[in-house]
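Take a look at the structure below.
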Amino acid sequence: MLLLELAKEKFTNLTGIDYSESAIELASKISSTQGFADISFKVYDIIKETSILDTFNIALDKGTYDAICLDPEDSKSKRITYKNNIAKLLIDDGLFIITSCNWTDKELAEFFKSHFTVLASIPAPSFKFGGKTGSLVSTIVFQKILLRARKGILVVDQTTFQNTLKNNSGNKF
1 MLLLELAKEK FTNLTGIDYS ESAIELASKI SSTQGFADIS FKVYDIIKET
51 SILDTFNIAL DKGTYDAICL DPEDSKSKRI TYKNNIAKLL IDDGLFIITS
101 CNWTDKELAE FFKSHFTVLA SIPAPSFKFG GKTGSLVSTI VFQKILLRAR
151 KGILVVDQTT FQNTLKNNSG NKF
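Residue 80 in UniProt numbering sits at position 80 of the sequence shown, and the numbers go up by one each step.
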């Protein structure tokens, strides 16, 4: 379990969410038996919830988005709700790290660009087939885009955001 590995590396204030109460109970039990009872686990359905648990510095997804995309029942609206809720769960400037085996870096960047800007793409092993090069997974580190009013201007896209930062580098927002 990824949260246990993060705890072993001395990361703290860790929270795991899942829509399944039994999955949360199992994860909590495993965490406790491994000596990490301080990891928090909460039942939360990221594609249905409208209330927010708390806000976090970092959100990490290694498969949830892929599973949502494969849902045969209205995956498009579920993907949008997922994106909106991830943004709500993050503090301003929070990081969203996603690993996908179904989407390329470019596809992920395009889908999440309304709420996030790409900070980094983490390289993965690649392969060649039929004259094309690809990788088994894509991992991207995004940063939440600030949507704040400043002097009557609403920052709404990445270019405007970057220009605002450049023009106001010594000022606090």
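Positions of the beta carbon are idealized from the N, C-alpha and C atoms, including for glycine. Values in this document were obtained by computation on a predicted structure and should not be read as measured data.
- Hey, out of K106, T133, D66, S126, whose CA is closest to A120's CA? Checking every option, the nearest Cα to that of A120 belongs to K106.
- Can you give the beta carbon distance from S22 to L4, rounded, assuming they're within the 8 Å contact cut? A Cβ-Cβ separation of about 18 Å leaves S22 out of contact with L4 under the 8 Å criterion.
- Going by Cα to Cα distance, which pick from N102, T117, V43 is closest to G134? For G134, the nearest C-alpha among the options comes from N102.
- Task: Let me know if F112 comes out buried or exposed under the rule of 16 or more other beta-carbons within 10 Å of its beta-carbon.
- Result: By the 10 Å Cβ count, F112 comes out buried.
- Task: Tell whether a beta-carbon distance below 8 Å holds between I47 and T12.
- Result: In this structure, T12 does not lie closer than 8 Å to I47 by Cβ.
- Chain-order list of residues whose beta-carbon lies under 7 Å from that of M100 (same chain, five-residue window excluded): The sequence shown places Ser at residue 100, not Met. Within its own chain, the residues whose Cβ lies closer than 7 Å to the Cβ of S100, once the five positions on either side in sequence are excluded, are Y65, D66, L108, V137, S138, listed in chain order.
- Query: Which first and last residues belong to the alpha helix (DSSP H) in which F129 is found?
  - Reply: It is not in any alpha helix (DSSP H) - F129 instead sits in the beta strand (DSSP E) that spans 126–129.
- For I17, the first and last residue of its enclosing beta strand (DSSP E): Looking at the DSSP string, the run of the beta strand (DSSP E) that includes I17 is 15–18.
- Message: So the candidates are I98, G131, K144; which of them puts its Cα closest to the Cα of T117?
- Response: Checking every option, the nearest Cα to that of T117 belongs to K144.
- Nearest-angstrom beta carbon gap, I97 and L60 [assumed within contact, 8 Å]: The C-beta separation of L60 from I97 comes to about 5 Å, placing the pair in contact by the 8 Å criterion.
- Check each candidate in E73, F142, S75 and name the one with the smallest Cα separation from K90. The displayed chain sequence assigns Leu, not Lys, to residue 90. It is F142.
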